[in-house]
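Quick mapping for you: the protein sequence lines, in order, are chains R and P.
Residue 45 in the numbering used here sits at position 45 of the first sequence, and the numbers go up by one each step.
Add 342 to the 1-based position in the second sequence for the numbering used here, that's all there is to it.
By construction, the Cβ of each residue, glycine as well, lies at the ideal position given by its N, Cα and C atoms.
Data block below; observations after.
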Amino acid sequence: MISLPDILAGVIVVALNAYVLLAGADFGGGVWDLLARGPRRDAQREVIAEAIGPVWEANHVWLILALVVLFTAFPPVFAELGTRLHIPFALVLIGIVLRGSAFAFRSYGGEPSGVQLRWGHVFAIASAVTPLLLGTALGAIAAGRLGEAGSGNGNGFVAVYVRPWLAPFPISVGILAIACFSLLAAVYLTLESDERALQEDFARRALAAQGVVIVCGLAALGLARSASPQLAQGLLKASSAVLVQGLAALAALIVLVALVRRRFTIARIAAAVEASLILWGWALGQYPYILPPDWTIDGAAAPAATLELLLGALAVGAVVLFPSLLYLFRVFKAKTMSDAVP
Amino acid sequence: MSDLLSARAQMGTSLAFHIIFALVGIGMPLMMVVAERKWYDTGDEIYHELAQRWARGTAILFAVGAVSGTVLSFELGLLWPGFMRQAGGIIGMPFSLEGFAFFTEAIFLGIYLYGWERISPRAHIIAGLLVAVSGAASGIFVVIANAWMNTPSGFRIVNGAITDVDPIAAMRNPAALSQTIHMTLAAYASTGLAVAGIHAFLLLRDSSNAFHRRALTIALLVGGPAAVLQPLSGDLAARQVARYQPAKLAAMEALFATEQGAPLVLGGWPDIEQHTTRAAIRIPYGLSLLAFHDPHATVRGLDAIPEDEWPNVPVVHWNFQLMVALGSYMALVVFLAAVAAGRREAGGGKREAGGGKREAGGGKREAGGGKREAGGGKREAGGGKREAGGGKREAGGGKREARGGKRGVSGIADQKWLLRAIVVAGPMGFLATEAGWMTTEFGRQPWVIYGVLRTRDAVSPMPGLVVPFVVFTLLYCFLGWVVGWLLYRQILHSPKISEQVWANVTVGKGEEGRGKGTA
Chain R
1 MISLPDILAG VIVVALNAYV LLAGADFGGG VWDLLARGPR RDAQREVIAE
51 AIGPVWEANH VWLILALVVL FTAFPPVFAE LGTRLHIPFA LVLIGIVLRG
101 SAFAFRSYGG EPSGVQLRWG HVFAIASAVT PLLLGTALGA IAAGRLGEAG
151 SGNGNGFVAV YVRPWLAPFP ISVGILAIAC FSLLAAVYLT LESDERALQE
201 DFARRALAAQ GVVIVCGLAA LGLARSASPQ LAQGLLKASS AVLVQGLAAL
251 AALIVLVALV RRRFTIARIA AAVEASLILW GWALGQYPYI LPPDWTIDGA
301 AAPAATLELL LGALAVGAVV LFPSLLYLFR VFKAKTMSDA VP
Chain P
343 MSDLLSARAQ MGTSLAFHII FALVGIGMPL MMVVAERKWY DTGDEIYHEL
393 AQRWARGTAI LFAVGAVSGT VLSFELGLLW PGFMRQAGGI IGMPFSLEGF
443 AFFTEAIFLG IYLYGWERIS PRAHIIAGLL VAVSGAASGI FVVIANAWMN
493 TPSGFRIVNG AITDVDPIAA MRNPAALSQT IHMTLAAYAS TGLAVAGIHA
543 FLLLRDSSNA FHRRALTIAL LVGGPAAVLQ PLSGDLAARQ VARYQPAKLA
593 AMEALFATEQ GAPLVLGGWP DIEQHTTRAA IRIPYGLSLL AFHDPHATVR
643 GLDAIPEDEW PNVPVVHWNF QLMVALGSYM ALVVFLAAVA AGRREAGGGK
693 REAGGGKREA GGGKREAGGG KREAGGGKRE AGGGKREAGG GKREAGGGKR
743 EARGGKRGVS GIADQKWLLR AIVVAGPMGF LATEAGWMTT EFGRQPWVIY
793 GVLRTRDAVS PMPGLVVPFV VFTLLYCFLG WVVGWLLYRQ ILHSPKISEQ
843 VWANVTVGKG EEGRGKGTA
């Protein structure tokens with residue numbers, strides 16, 4: 001039986017999912033900006049900037065949405081995460097601040113110059129570091145190393161505030177996050193340019209990223225065993241989680257085949273499905289816990305009156321939000337959805 | 343530096359930084375939409391250029407505001423987990439609504455900034471309007487949450503635990519209405535007068551510049567009415583504080599002893615040891631009259647509050663006085679500008695030479711007036727009614743001005759003393775807003791939720807909070823410096839078009855302007 005708290009926890013995962021698919025690709029764009037090489041280096045950077053420009057701020061808001069739903073519906077979890085993951089979250093914030101302002105400054109700072117170029121580097125480096133830390137934080141949550149019962153390994157500063165996330169499994173999830181975001185960005189970017197050579201550049205990059213995703217995914221699954229028996233149990237035994245992971249593997253295969261055969265539209269859809277399934281695999285793997293091992297979804301939920309109102313507000317908000325988003329993407333991304341150029 | 347102090351300093355720095363961008367994010371979009379609308383109505387290409395410039399400014403400031411706002415929403419958990427554990431379920435609602443408003447703002451700002459050539463003019467201006475409306479809405483939702491911290495409602499405490507949570511009742515807390523009105527007006531007044539100040543400054547150097555004349559008109563139209571109405575909303579807010587937050591009021595007014603027919607205390611040094619305010623000007627019955635609209639009303643002083651629940655009295659008192667002084671000056675300047683614009687229109691076109699001569703003397707008088715204002719402090723509330731009348735007149739003048747094109751503004755733009763007065767008012771809105779936030783936040787201490795949860799019980803248990811405080815402060819300093827530099831560049835490259843030259847330019851130039859906007 002799905003409870004009201006379950007629905008709201010689901011909303012958080014949906015918002016994170018949208019964040020991964022949209023903002024994730026913007027982060028990935030920064031990674032490819034950093035790794036831009038070869039004769040078409042500047043052209044690559046230009047395509048990336050054009051693709052990100054109109055949408056990155058709207059894409060960023062999915063994280064805020066996930067955050068406000070979390071602290072409204074599950075206040076103790078937000079409080080616990082803010083305390084235990086203070087350091088990685090503070091670093092994430094620095095990354096978000098530098099990346100966002102660097103992008104704006106690069107766009108509005110005037111003529112291309114040395115200063116512009118430096119902002120470009122700030123943007124690119126912050127784009128790479130931020131998802132690493134976000135993924136690491138997610139990994140620390142999944143590993144069940146946060147909270148009273150979770151830490152259980154000493155009382156010093158390092159034991160409580162550092163070791164839970166600075167460990168092999170969370171870091172492997174962080175690298176997986178960068179790889180996923182880079183994959184999404186490269187696959188999307190194949191459709192952002194009409195130029196054959198640029199499409200080839202991004203297709204090759206997408207293939208490389210997919211390789212890293214597969215390696216990291218397997219490594220994370222392997223490390224999960226030693227990191228947390230409970231998580232390993234959830235990821236590898238629970239039938240729903242296993243099914244989701246099987247489907248993610250299938251999607252990964254489709255991405256590879258589609259990329260090799262240069263069927264970019266199929267690759268784009270399959271990559272989005274793959275990244276989404278990885279995320280849902282984690283969510284289902286730790287269900288019914290929202291912050292294992294201390295807090296279950298039901299146990300951490302705010303009073304029913306709050307949850308009902310929040311759900312109502314989300315429904316009303318969605319009525320405003322989705323047509324607006326659709327309009328945004330139709331105005332700027334119509335070219336890449338079909339061949340009808342406005 | 344203790345962890346509690348570090349956390350408070352970090353939150354305060356983050357808020358003080360973010361508020362500027364929040365204000366601009368509310369005020370700027372309105373100005374850019376007005377400029378665009380005027381471009382469509384008049385076909386005057388300068389308005390087009392103006393709309394695009396303001397849009398670029400909005401883009402830079404919105405980007406920084408969006409990320410600094412993100413920092414704040416995280417910091418609620420990073421610094422104040424104890425607060426969020428208690429309050430999340432009660433006031434998460436307005437934050438969630440704010441999330442949606444912010445979403446709408448970001449979506450339509452993207453459409454506005456990058457959509458000049460992709461959508462119809464009508465759709466474009468509607469996108470701009472939606473940015474303006476959702477910007478104001480997100481500000482209102484956040485302030486509602488803050489108002490709840492001042493006057494918590496919508497729950498009960500039974501045996502130390504919170505029960506009977508009613509998020510709607512929490513949003514309708516007593517301070518919500520007056521605080522949201524006060525802050526929204528602050529946004530329009532601060533942004534409008536800041537932009538007016540910049541263009542007034544540039545007009546002083548190049549008084550016939552058609553670009554700056556139009557910019558000044560729009561900025562005053564957006565900021566002026568708000569600046570004149572602000573003292574009235576301040577009166578509403580102060581009476582609300584008197585009723586529900588006696589400790590804050592007593593600190594604001596540096597009133598140590600409960601009194602019937604309490605005087606208004608202007609300036610002075612609150613002496614905490616001696617429980618008295620030294621060297622202050624006291625206006626008999628003033629405070630009772632202002633706070634309760636009754637000269638014989640009893641006003642609770644700090645002696646009615648346990649000393650360990652006192653806020654920092656000098657800080658609150660001085661910030662409050664500063665806010666009132668700055669706000670009064672802004673209202674006065676706008677009032678004078680409205681009079682000048684109205685008189686110019688009535689009198690026709692020949693006053694220019696006289697205005698120029700009078701300017702030197704006017705400038706001095708102006709400086710003297712400024713001093714009197716700082717000392718005079720709270721005259722504003724008493725003069726409220728007169729100012730409201732001025733507000734109406736100014737709005738009327740504004741309308742006439744819009745129809746009459748160049749005539750109204752030249753009444754302002756040709757009077758140098760007035761331009762100088764507007765330049766001086768430029769930074770005052772931001773300063774007044776900061777001072778107002780210092781007043782309300784310091785005034786609530788030692789509580790984070792007034793009467794319910796002490797700030798020291800809400801702070802993160804993580805040691806070494808001084809480190810994030812220093813790091814984020816440096817980050818903000820750096821960002822502030824860069825934003826200032828970028829805006830300075832934008833302003834420095836202002837088009838040099840005089841009114842006369844512009845009259846001779848043909849329409850063909852429009853294409854060039856369009857091209858620039860998408861760069």
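Not a single CB atom of chain P sits nearer than 9 Å to the CB of residue 136/R. For residue 664/P, the closest of 361/P, 594/P, 676/P and 632/P by C-alpha to C-alpha distance is 594/P. Residue burial is scored here from C-beta neighbours: residue 505/P has fewer than 16 other C-beta atoms within 10 angstroms and is therefore classed as exposed.
Under DSSP, residue 641/P shares a beta bridge with 601/P. Taking a Cβ-Cβ threshold of 7 Å, the residues of chain P close to residue 96/R are 409 and 412, in chain order. For residue 508/P, the C-beta contacts it makes with chain R under 8 Å involve 305, in order along the chain. Around the beta carbon of residue 60/R, 16 or more other beta carbons sit within 10 angstroms, so the residue counts as buried. The stretch 126-138 of chain R makes no contact with the stretch 38-47 of chain R: fewer than 3 CB pairs, one atom from each, lie closer than 8 Å. Residue environment analysis places residue 756/P among the buried positions, since at least 16 neighbouring C-beta atoms fall within 10 angstroms of its C-beta. When DSSP states are grouped into helix, strand and coil, residue 129/R belongs to the helix group. Taken atom to atom, the span from the alpha-carbon of residue 332/R to that of residue 457/P is near 8 Å. Chain order gives the chain R residues near residue 451/P as 57, where near means a beta carbon separation below 8 Å.
The CB of residue 72/R comes closer than 7 Å to the CB of 430, 431, 434, 435, 437 and 438 in chain P, given here in chain order. One finds 420, 802 and 804 in chain P with Cβ atoms closer than 7 Å to the Cβ of residue 86/R, taken in chain order.
For a cut-off of 8 Å, the C-beta gap from residue 248/R to residue 281/R is around 6 Å, short enough to register as a contact. Closer than 9 Å to the CB of residue 347/P there is not a single CB belonging to chain R.
Counting along the chain, residue 456/P sits inside the alpha helix (DSSP H) bounded by residues 423-456. Cβ-Cβ distances below 7 Å link residue 224/R to 169, 231, 232 and 235 in the same chain, with the five nearest sequence neighbours on each side left out; the list follows chain order. Take residue 561/P, set aside five residues on each side of it, and the residues of its chain with a beta-carbon closer than 7 Å to its own are 373, 534, 537, 538 and 541, in chain order.
In the structure shown, residue 375/P falls within a helical segment according to DSSP collapsed to helix, strand and coil.
If you check the CB distance, residue 279/R and residue 55/R do not come in under 9 Å. Contacts with chain P at 9 Å (Cβ-Cβ) do not include residue 125/R. Interface annotation for the stretch 152-176 of chain R against chain P: 157 and 161, criterion Cβ-Cβ distance under 7 Å.
For residue 289/R, no alpha helix (DSSP H) segment is defined; the enclosing uninterrupted segment is the beta strand (DSSP E) at 289-291. Considering only 415/P, 433/P, 435/P and 404/P, the residue with the shortest C-alpha distance to residue 448/P is 404/P.
Taking 8 Å as the upper bound for CB-CB distance, residue 772/P and residue 480/P are not in contact here, some 19 Å apart. Ranking 510/P, 543/P and 407/P by CA distance to the CA of residue 764/P puts 543/P first.
Residues 296 and 297 of the same chain have their beta carbon placed closer than 6 Å to that of residue 288/R, with the five preceding and five following residues left out of the count. Within the same chain, and ignoring the five residues on either side of residue 614/P in sequence, the residues whose Cβ sits closer than 7 Å to its Cβ are 655. Residue-level contact by beta carbon holds for residue 327/R and chain P, with a gap shorter than 9 Å. Collapsing the DSSP output to three states places residue 500/P in a strand. As the crow flies, the alpha-carbon of residue 525/P is around 16 Å from that of residue 661/P.
Residue 551/P sits in a strand when the DSSP states are folded into three classes. Separation of the CB atoms of residue 433/P and residue 512/P is rounded to 6 Å, and the pair is thereby assigned contact status at 8 Å. Burial state of residue 424/P is buried, judged by a 10 Å Cβ sphere holding 16 or more other Cβ atoms. The C-beta distance from residue 140/R to residue 122/R rounds to 27 Å, too long to fall under 8 Å, and the pair is not in contact.
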